[in-house]
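Asks: Just dropping this structure here.
Residue numbers (this note's numbering): 47 to 109.
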């Protein structure tokens, strides 16, 4: 697992590669993407749950 010095090196590399002015925009975009991913997963789970519930009043399938 990464320790303190390794994390500081990674942070320094990110700042050098992207520059301090672009970091807030990158972080904002990553946050939005994470939110959209969670929303999509929740919608997908809801669809699966709705499909797995039997419809009321329907006849069971014959074998």
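From the three backbone atoms N, C-alpha and C, an ideal C-beta is built for every residue, glycine too.
Output the distance between the C-alpha atoms of residue 63 and residue 80, rounded to the nearest integer angstrom.
Replies: For the purposes of this step, residue 63 is taken as residue 17 along the chain shown, with counting starting at 1. For the purposes of this step, residue 80 is taken as residue 34 along the chain shown, with counting starting at 1. About 22 Å.
Asks: Looking at the unbroken alpha helix (DSSP H) that takes in residue 86, where does it start and where does it end?
Replies: Within the chain shown, numbered from 1, the residue matching residue 86 stands at position 40. Note, residue 86: alpha helix (DSSP H), 69-98.
Asks: What's the gap between the Cα of residue 65 and the Cα of residue 54?
Replies: Residue mapping note: residue 65 aligns to position 19 of the chain shown, counting from 1. Residue mapping note: residue 54 aligns to position 8 of the chain shown, counting from 1. Distance between the alpha carbons of residue 65 and residue 54: 15 Å.
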